[in-house]
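**Q**
Protein chains: 2
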Amino acid sequence: MDKNIPYKIYLSEDELPTAWYNVRADMKKKPAPLLDPATGKPVTADALSAVFCEELAKQELDNDSVYIDIPGEVLNFYKMYRPSPLVRAYFLEKALDTPAKIYYKFEGNNTSGSHKLNSAIAQVYYAKQQGLKGVTTETGAGQWGTAVSMACSYFGLDCKVYMVKVSYEQKPFRREVMRTYGADVTPSPSMTTRVGREINEKFPGTTGSLGCAISEAVEKAVESEGYRYVLGSVLSQVLLHQSVIGLETMTACDKYGIKPDIIIGCAGGGSNLGGLISPFMGRKLRGEADYRFIAVEPASCPSLTRGRYAYDFSDTGRVCPLQKMYTLGCDFIPSANHAGGLRYHGMSSVLSELYDEGLMEARSVEQTAVFDAAVKFARIEGTLPAPESSHAIRAAIDEALKCKETGEEKTILFGLTGTGYFDLVAYQKYNDGEMSDYIPSDSELEASLSKLPDIKG
Amino acid sequence: MDKNIPYKIYLSEDELPTAWYNVRADMKKKPAPLLDPATGKPVTADALSAVFCEELAKQELDNDSVYIDIPGEVLNFYKMYRPSPLVRAYFLEKALDTPAKIYYKFEGNNTSGSHKLNSAIAQVYYAKQQGLKGVTTETGAGQWGTAVSMACSYFGLDCKVYMVKVSYEQKPFRREVMRTYGADVTPSPSMTTRVGREINEKFPGTTGSLGCAISEAVEKAVESEGYRYVLGSVLSQVLLHQSVIGLETMTACDKYGIKPDIIIGCAGGGSNLGGLISPFMGRKLRGEADYRFIAVEPASCPSLTRGRYAYDFSDTGRVCPLQKMYTLGCDFIPSANHAGGLRYHGMSSVLSELYDEGLMEARSVEQTAVFDAAVKFARIEGTLPAPESSHAIRAAIDEALKCKETGEEKTILFGLTGTGYFDLVAYQKYNDGEMSDYIPSDSELEASLSKLPDIKG
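This is the structure we're talking about:
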């Protein structure tokens with residue numbers, strides 16, 4: 446091992462960031478504005494405030510503030526489970542026999558099981574500040590729903606969660622965790638909303654999607670007095686809150702003289718990837734340093750690698766603002782990939798813009814290859830990873846093996862967003878040799894892409 | 446908050462203990478020797494070596510060495526998930542409005558979900574050193590089995606786990622974690638061993654017990670070439686390995702000037718409690734400091750509070766050495782309490798002796814009161830605790846509430862042994878209001894105690 450680098454780097458609590466970093470402020474070309482689906486014009490903070498808390502609506506549209514202070518109560522809550530460790534993967538390096546140096550920022554040591562808590566607590570805090578009764582939300586893998594449940598329990602707010610049906614069925618215990626924290630959990634599409642009933646009618650037997658669950662949660666929020674909607678990914682405000690991951694990572698790297706060559710994250714809506722890379726991307730945008738950034742998505746839901754950069758609805762029910770992003774079309778319903786948290790048809794508009802400008806790379810990987818990496822990682826590094834996170838592990842291992850071939854001593858850093866303790870149905874399939882891969886055909890993608898709204902952006 | 450005390454104290458890796466502490470060396474009256482059930486005479490290291498690895502047999506009988514070096518490879522593995530944090534429960538203190546200061550040593554941040562990994566890696570290391578093919582073991586809640594699976598995977602040994610049937614059924618996902626790490630898992634009592642078949646015949650429909658699973662695992666080890674048996678609790682060698690918990694805790698306390706008045710741990714076989722309190726007990730035994738120690742056990746399996754201090758078999762099949770301990774009788778089969786890890790009929794002979802001498806207190810608590818505490822803790826401190834650990838939480842909260850009444854500013858420290866992510870069937874019962882309590886009747890206990898072997902100790 447390197448003498449100066451411990452197995453796990455924990456910052457002290459006074460080294461925690463006290464402000465979030467807003468990468469949009471350093472982007473020369475800003476992400477395209479959100480559009481009102483009724484008028485086709487940019488949405489205002491006022492209009493957004495019907496759905497989101499006022500402060501969050503402001504953050505969503507703020508392309509200028511470089512830093513936004515983390516409120517004291519949120520900072521306190523962060524100390525319950527942060528700082529998270531930056532781990533040197535000495536065991537993995539040895540097992541791969543690679544000259545590469547591998548690090549991962551591990552966000553799984555909290556009961557939500559992932560990084561999602563970072564934004565949940567912020568969003569629920571602002572809801573509390575605004576005097577609301579509660580929030581509604583959707584959840585895919587269940588990590589975001591758990592995070593919001595925990596945050597609502599902490600601040601004493603009501604919490605209604607629409608859970609993508611495939612996850613609801615595969616992860617009954619996630620539901621119990623949310624109930625333990627006092628949340629109501631409904632499988633989506635449900636019969637409790639207009640949009641849910643419509644989707645159930647149109648696609649009988651559908652296992653649901655994030656886009657659909659979003660529509661239901663938004664409808665419920667708008668139609669319930671004293672409620673607003675909170676979302677765990679895609680939005681720029683979420684990337685802002687998640688910058689705490691990247692800021693801690695950067696502080697740890699700077700403190701120990703670690704210079705990552707490649708930074709890798711899994712990408713569904715972009716919350717983890719955006720949060721992890723933001724401050725590093727800021728340095729790249731300001732010309733202070735250079736890094737390769739790699740977004741890793743499932744081959745079954747390849748928005749960056751096979752989607753189109755265009756305006757689209759962010760939800761299946763077409764009630765949310767239009768967003769310019771890499772998308773597969775809001776009607777695209779992904780196969781029942783086990784990485785429920787990556788089953789979103791679009792991608793954060795911030796990351797879409799950065800990708801479009803060539804500042805970030807993307808690749809897609811198939812499910813069985815991901816679980817190969819997951820099991821290898823579990824056995825070597827000790828932690829059973831979430832299927833979502835394992836997309837990043839796959840790419841990190843692949844990059845480390847390339848270094849083995851070339852002899853390059855690259856420094857590879859990836860985000861280990863969470864643990865797989867609630868993903869054992871998927872692991873069971875893998876262990877039993879019953880896991881399959883699914884890659885949508887060109888014509889399937891073309892079918893949903895052909896229905897993109899006709900808006901130039 | 447106290448200015449000097451952060452929310453979480455992490456020692457640096459060079460502050461990790463490099464030797465385990467053996468509290469037996471500081472005990473004036475040693476635990477009574479293990480007896481050979483055939484001869485009634487003390488067992489020798491040689492005899493024990495038929496069941497345990499040679500080095501572990503030596504450790505089991507070593508009442509003299511104060512410290513035993515932690516092998517380098519074990520120390521390396523420890524760095525995968527240690528040091529574990531000593532957490533100041535500021536949130537809980539505030540919610541209880543108590544003048545007490547509450548700390549907990551949190552052992553749940555690893556995939557075994559508990560402190561069990563501390564001894565599993567040590568035992569499997571010695572098996573590897575001895576050139577064995579594999580190990581057999583039993584598991585109750587599944588945490589020990591997971592820990593042994595992880596350790597075997599790391600050292601490349603085969604792993605056969607007998608899992609108490611009630612846990613096997615309530616925790617199917619635990620089985621998958623073990624399989625992911627390459628282990629064979631069999632529900633106990635099974636038809637794969639003589640003792641298993643006998644117990645199935647004698648008690649049809651039994652949900653099993655740790656004592657029974659132990660018998661099966663021992664039989665399998667003894668009858669398979671190149672295998673030995675490893676056990677996750679009760680044994681003195683396990684308390685030795687688990688002293689790493691107490692040593693880290695003590696180092697952290699000394700570094701930050703924390704002086705615990707009360708140290709609390711849940712007690713099934715005693716592995717966590719013994720490990721946590723050992724070094725503090727050492728100070729008490731040497732007259733250097735005084736502490737109150739409280740063992741907390743389930744009212745459904747009250748070995749310390751309602752058992753007898755006598756020689757007994759440590760397993761239901763009566764194949765293991767006789768041990769002098771607080772016991773309910775090796776025929777006692779506990780009700781299907783959800784804290785599977787605490788369903789053992791006896792107690793570590795070290796802790797039994799310390800308790801008998803009045804150096805430690807014990808109390809029993811009922812299941813619903815334990816889950817009340819668990820849910821409160823989850824909502825306030827963020828971590829969903831294991832039912833086992835929640836016994837300690839219950840007692841810690843009760844002590845903190847006493848301080849609120851009296852105004853005393855006591856410092857309370859407890860062991861949070863693990864997380865409840867695989868205990869959601871139990872949480873679901875609690876959430877649905879379907880959890881019940883069970884306290885064995887005097888006549889029920891008398892029935893099993895009347896069958897204790899007639900040996901003076």
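These protein sequence lines are chains A and B, in that order.
The numbers in the working numbering rise by one with no breaks, and the one at position 212 of the first sequence is 657.
The numbers in the working numbering rise by one with no breaks, and the one at position 180 of the second sequence is 625.
Yeah, the Cβ is synthetic: ideal placement off N, Cα and C, and Gly gets one too.
Cβ of P705(A) less than 9 angstroms from any chain B Cβ?
**A** Along the first sequence, read from residue 1 onward, the residue named residue 705(A) stands at position 260. So no, P705(A) is outside the interface.
**Q** Thinking C-beta only, is G590(A) closer than 9 angstroms to M623(A)?
**A** Numbered from 1 along the first sequence, position 178 holds the residue referred to as residue 623(A). Numbered from 1 along the first sequence, position 145 holds the residue referred to as residue 590(A). The answer is yes: Cβ separation under 9 angstroms.
**Q** Is it right to say M446(A) is buried, meaning 16 or more other beta carbons lie within 10 angstroms of its own, or is it exposed?
**A** As a working mapping, residue 446(A) is identified with position 1 in the first sequence. Exposed is the call here.
**Q** Using DSSP with H/G/I as helix, E/B as strand and the rest coil, what is Q568(B)?
**A** Taking the second sequence and counting its residues from 1, one reaches residue 568(B) at position 123. Three-state result, Q568(B): helix.
**Q** Closer than 9 angstroms, Cβ to Cβ, to anything on chain A: give me those residues from the region 814-837 of chain B, in chain order.
**A** Residues A819, V820, A823, R824, I825, E826, G827, T828, L829.
**Q** Which term fits G878(B), buried or exposed, when burial requires 16 or more other beta carbons within 10 angstroms of its beta carbon?
**A** The residue given as residue 878(B) occupies position 433 in the second sequence. G878(B) is exposed by the Cβ-count criterion.
**Q** At a CB-CB cut-off below 7 angstroms, which residues of chain B make contact with T444(A)?
**A** One cannot answer for residue 444(A) here, as it falls past the ends of chain A, which runs 446 to 902.
**Q** Tell me which residues share the same chain as V532(A) and place their Cβ nearer than 7 angstroms to its Cβ, disregarding the 5 neighbours each side in the sequence.
**A** Numbered from 1 along the first sequence, position 87 holds the residue referred to as residue 532(A). Here the set comprises Y452, K453, Y548, Y549, F551.
**Q** Relative to the C-alpha of Q682(A), which candidate in L787(A), G865(A), A892(A), C498(A) has its C-alpha closest?
**A** In the first sequence, counting from the first residue as 1, residue 682(A) sits at position 237. Nearest of L787(A), G865(A), A892(A), C498(A) to Q682(A), Cα basis: C498(A).
**Q** Just checking: is the beta-carbon of Y672(A) within a distance shorter than 9 angstroms of some beta-carbon in chain B?
**A** The residue you call residue 672(A) lines up with position 227 of the first sequence. False, the Cβ-Cβ gap to chain B never drops below 9 angstroms.
**Q** Should D776(A) go down as buried or exposed, given a rule of 16 or more other Cβ atoms within 10 Å for buried?
**A** Here residue 776(A) is taken as the residue at index 331 of the first sequence, counted from 1. The residue is buried, with at least 16 neighbouring Cβ atoms inside 10 Å.
**Q** Look at Y599(A) and P516(A) and say whether their C-beta atoms are less than 9 angstroms apart.
**A** On the first sequence, residue 599(A) is found 154 positions in, with the first residue counted as 1. On the first sequence, residue 516(A) is found 71 positions in, with the first residue counted as 1. In this structure, P516(A) does not lie closer than 9 angstroms to Y599(A) by Cβ.
**Q** Got a sec: is the Cβ-Cβ distance from L804(B) to anything in chain A below 9 angstroms?
**A** Locating residue 804(B) in the second sequence gives position 359, where the first residue counts as 1. So, not an interface residue.
**Q** Following the continuous alpha helix (DSSP H) through F522(B), name the residue where it begins and the one where it ends.
**A** Your numbering for residue 522(B) matches position 77 in the second sequence. Unbroken alpha helix (DSSP H) run through F522(B): 517-526.
**Q** Go ahead and pull the three-state DSSP assignment for L506(B).
**A** Working through the second sequence from its first residue, we reach residue 506(B) at position 61. Correct three-state label for L506(B): helix.
**Q** By the 10 Å Cβ neighbour count, where 16 or more other Cβ atoms means buried, how is A734(B) classified, buried or exposed?
**A** The residue you call residue 734(B) lines up with position 289 of the second sequence. It counts as exposed.
**Q** Start and end of the alpha helix (DSSP H) containing T750(B)?
**A** Stepping through the second sequence from its first residue, residue 750(B) is reached at position 305. Here the alpha helix (DSSP H) through T750(B) covers 748-751.
**Q** I need the straight-line Cα distance from P705(A) to L787(A), nearest angstrom please.
**A** The residue labelled residue 705(A) in the question sits at position 260 within the first sequence. The residue labelled residue 787(A) in the question sits at position 342 within the first sequence. So the alpha carbons of these two residues sit roughly 25 angstroms apart.
**Q** What is the DSSP secondary structure of I648(B), reduced to helix, strand or coil?
**A** Here residue 648(B) refers to the residue found at position 203 when the second sequence is read from its first residue. Looking at the sequence provided, one finds Phe at residue 648(B) rather than Ile. F648(B): coil per DSSP, three-state reduction.
**Q** In terms of residues, what are the limits of the beta strand (DSSP E) holding M608(A)?
**A** One-based indexing of the first sequence puts residue 608(A) at position 163. Looking at the DSSP string, the run of the beta strand (DSSP E) that includes M608(A) is 603-609.
**Q** Okay, do the region 828-843 of chain A and the region 686-698 of chain A touch, 3+ Cβ pairs below 8 angstroms being the bar?
**A** Counting Cβ pairs under 8 angstroms, fewer than three are found: no touch.
**Q** Name the one or two DSSP bridge partners that T631(B) has.
**A** Against the second sequence, residue 631(B) aligns to sequence position 186. Beta-bridge pairing links T631(B) to Y607(B).
**Q** Would you mind stating whether Q588(B) and S633(B) have Cβ atoms separated by less than 9 angstroms?
**A** Here the question's residue 588(B) lines up with position 143 in the second sequence. Here the question's residue 633(B) lines up with position 188 in the second sequence. Cβ atoms of Q588(B) and S633(B): not closer than 9 angstroms.
**Q** For P747(B), does the count of other Cβ atoms within 10 angstroms reach 16, so buried, or fall short, so exposed?
**A** Your numbering for residue 747(B) matches position 302 in the second sequence. Result: buried.
**Q** Could you tell me whether the region 748-757 of chain B touches the region 802-820 of chain B, where touching means 3 or more Cβ pairs closer than 8 angstroms?
**A** Yes: the two stretches touch, three or more of their Cβ pairs being nearer than 8 angstroms.
**Q** Got a sec? Which residues, its chain only, sit under 6 angstroms from I709(B) by beta carbon, not counting five neighbours each side?
**A** Position 264 of the second sequence, counted from the first residue, corresponds to residue 709(B). Excluding positions up to five away in sequence, the list reads I739, A837, A840, A841, F859.
**Q** For L861(B), which residues of its own chain have a beta-carbon under 8 angstroms away from its beta-carbon, when the five flanking residues on both sides are left out?
**A** Working through the second sequence from its first residue, we reach residue 861(B) at position 416. Correct list, in chain order: V532, Y549, K550, F551, E552, G553, T828, P830, S834, A837, I838.
**Q** Taking the straight line between their C-alpha atoms, what separation do you get for Y626(A) and E643(B)?
**A** Counted from its first residue, the first sequence places residue 626(A) at position 181. Counted from its first residue, the second sequence places residue 643(B) at position 198. Approximately 44 angstroms, taken between the alpha carbons.
**Q** Starting from the beta carbon of N555(B), find every residue of chain A whose beta carbon is closer than 8 angstroms, and list them in chain order.
**A** Residue numbering aside, residue 555(B) sits at position 110 when the second sequence is read from its first letter. Simply G827, T828.
**Q** Closer than 9 angstroms, CB to CB, is V519(A) near chain B or not?
**A** Numbered from 1 along the first sequence, position 74 holds the residue referred to as residue 519(A). Closer than 9 angstroms: no.
**Q** So the candidates are P544(A), E621(A), I703(A), A697(A); which of them puts its Cα closest to the Cα of T851(A)?
**A** Within the first sequence, residue 851(A) is the residue found at index 406, counting from 1. Closest by alpha carbon: P544(A).
**Q** Which whole-angstrom value is the C-beta distance of N467(A) and Y526(A), which I expect to be below 8 angstroms?
**A** On the first sequence, position 22 is the one that residue 467(A) refers to. On the first sequence, position 81 is the one that residue 526(A) refers to. Their Cβ separation, rounded to whole angstroms, is 23 angstroms, which puts N467(A) and Y526(A) out of contact at 8 angstroms.
**Q** Would you mind telling me which residues of chain B sit closer than 9 angstroms to S457(A), beta carbon to beta carbon, in chain order?
**A** Within the first sequence, residue 457(A) is the residue found at index 12, counting from 1. Going along chain B in sequence order, the residues near S457(A) (Cβ under 9 angstroms) are P451, Y455.
**Q** Along the chain, where does the alpha helix (DSSP H) that runs through M595(B) open and close?
**A** Counting from one through the second sequence, the residue named residue 595(B) turns up at place 150. Segment 588-600, the alpha helix (DSSP H) holding M595(B).
**Q** Only counting the same chain, and skipping five residues up and downstream in sequence, which positions put a Cβ closer than 6 angstroms to that of L541(A)?
**A** As a position in the first sequence, residue 541(A) is number 96, starting the count at 1. So the list reads A845, once near-sequence residues are dropped.
**Q** For the region 790-797 of chain B and the region 756-775 of chain B, state whether three or more C-beta atom pairs, one from each stretch, are separated by less than 8 angstroms.
**A** Touching, yes, given that three or more Cβ pairs across the two stretches are closer than 8 angstroms.
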